[in-house]
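Engineer: There's a structure below that I have some questions on.
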Amino acid sequence: MSESKRMDPFTGEKVEVDGVYENEAGQEEELHRGDAFPADLILGNTEWKLTEMSFDNHHEGRTDERLVPKEKDIDKQGKIDSPRRQMDRGKK
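Residue 1 is where the sequence shown starts when you use the UniProt record's numbering, and the numbers rise one by one after that.
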């Protein structure tokens, strides 16, 4: 199905992706996979839109220190500091 024909999840459907969802009234709620989309107290049944995905791998919300190139780092060869440094995969 194309993206233009895709429908947002509706109240009562199961949540497929962990994250923060916003309903038609603009209220945000954090939902987890397997939960059912709740009804709004005023609107009743409503559509929900994913606004932010939940990731458990970065607890502080920062990039791992080992992946950031240092100013005085001698071995910058192993670090990717620009898109041109990425290795080519396959044929061009």
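Backbone N, C-alpha and C fix where the C-beta goes; we use that ideal spot for every residue, glycine too. From a predicted model like this one, the values you see are computed outputs, not experimental measurements.
#1: In whole angstroms, what separates the C-alpha of E24 from that of F55?
#2: What do you get for N31, buried or exposed, if any count of 16 or more other CB atoms within 10 angstroms of its CB means buried?
#3: Nearest to K14 by alpha carbon, out of G44, G34, E52 and E65?
#4: Tell me the DSSP bridge mates of L31?
#5: Quick check on F37: buried or exposed, where buried means 16 or more other Cβ atoms within 10 Å of its Cβ?
#6: Quick check on the DSSP output: the beta strand (DSSP E) that includes E52 runs from which residue to which?
#7: Find the nearest neighbour of D8 within the set V17, E71 and K49, judged by alpha-carbon distance.
Structural biologist: On the basis of the coordinates in this document:
#1: Taking the straight line from one Cα to the other gives about 24 angstroms.
#2: One detail in the question is off: residue 31 reads as Leu in this sequence, not Asn. By the neighbour-count rule (16 or more Cβ atoms within 10 Å), L31 is buried.
#3: Measuring C-alpha to C-alpha distances from K14 to each of G44, G34, E52 and E65 identifies G34 as the nearest.
#4: G19
#5: buried
#6: W48 to M53
#7: K49
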